[in-house]
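What follows is a single structure, written as structure tokens, with notes after it.
Written out as structure tokens, the structure is:
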């Protein structure tokens, strides 16, 4: 339970989360972010545009183009939701197509 310095291996409540444990919380944070978008949209009475998630590598460039040309907040949130719902295996295609630029 305690490491060589006498601290708990998972860290103390007031300390930063150790890198070994931080990866365990990453996947939960992604789902929380998507829920926050939905809650924020609902609070603002904003209907998020229905966008299909990426299904294949060619969809990455299409999604990026939609994000860049979004005319409204409703459309931007829809694009973010589609990205969040896309298979994680397609994220490298999204990035290489200019998704983080």
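Numbering (the numbering used here), first residue to last: 20 to 120.
For every residue, glycine included, the Cβ atom is placed at its ideal position computed from N, Cα and C.
Just so we're clear, the structure is a prediction, and the values are computed from it rather than from any experiment.
Item: Nearest to residue 112 (by Cα), restricted to the options 72, 76 and 23; Value: 76
Item: Beta-carbon gap between residue 82 and residue 101 smaller than 8 Å; Value: yes
Item: Minimum C-alpha distance to residue 107 - residue among 87, 79 and 89; Value: 79
Item: For residue 106, three-class secondary structure by DSSP; Value: coil
Item: Inter-residue Cα distance where the pair is residue 120 and residue 88; Value: 14 Å
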